[in-house]
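Numbering (this note's numbering), first residue to last: 1075 to 1233.
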């Protein structure tokens, strides 16, 4: 019988200098900017990427390099999801707005699904982001288990 989910049998080591995505819905951008200002010195030690106007506002207000992707509704969430799948993203700080329905809700759900699948740490509010940013693992290598995608595909498609 074929497994419905891939086994987490592959080890991935996150580097000491993490690749961190910073994303916020419109109603949460100010909250993310305030959080990032408190953690500016810590964030400066890592590679930062963000969606749409969030990246620009973070870069301007903090004086940090933040690689800008597309806006979420224009595909930015999917760009971040692709980086997760390719193991080119290590942490996701995503302040999503529980009170505002988003036109791209399916993309948001897909992004969070990929983060869960690939074992990427996610913070969805200031408190959880504080826990991630203050973790001793943030500034050092961290070994974790991820799905063995090749074995899963091979088992589902026998030659």
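Yeah, the Cβ is synthetic: ideal placement off N, Cα and C, and Gly gets one too. The model shown is predicted, which means the values in this text are computed figures rather than measured ones.
*asked:* Which residue wins for smallest C-alpha separation from residue 1143, given the options 1225, 1179, 1094?
replied: Of the candidates 1225, 1179, 1094, the one whose C-alpha sits nearest the C-alpha of residue 1143 is 1094.
*Between residue 1194 and residue 1164, is the Cβ-Cβ spacing less than 9 Å?*
yes
_For residue 1205 and residue 1106, believed in contact at Cβ under 8 Å, the rounded distance_ = With a Cβ gap of about 16 Å, residue 1106 and residue 1205 do not count as contacting.
*asked:* Tell me the rounded alpha-carbon separation between residue 1198 and residue 1227.
replied: 31 Å
*Grouping DSSP H, G and I as helix and E and B as strand, with all else coil, what is residue 1076?*
Caution is warranted here: a pLDDT of 48 is assigned to residue 1076, below 50, making its placement in the model unreliable, and the coordinate value is therefore given only provisionally. Taken through DSSP and simplified to helix, strand or coil, residue 1076 comes out as coil.
_Let me make sure I understand the geometry here. Which of 1172, 1214, 1175, 1184 has the alpha-carbon closest to that of residue 1157?_
1184
*In whole angstroms, what separates the C-alpha of residue 1076 from that of residue 1230?*
Legend: pLDDT at residue 1076 = 48, less than 50; position of this residue unreliable, no value from coordinates given.
_beta strand (DSSP E) runs contained entirely in the stretch 1150 to 1227, provided each spans 3 or more residues_ = 1165 to 1169, 1216 to 1220
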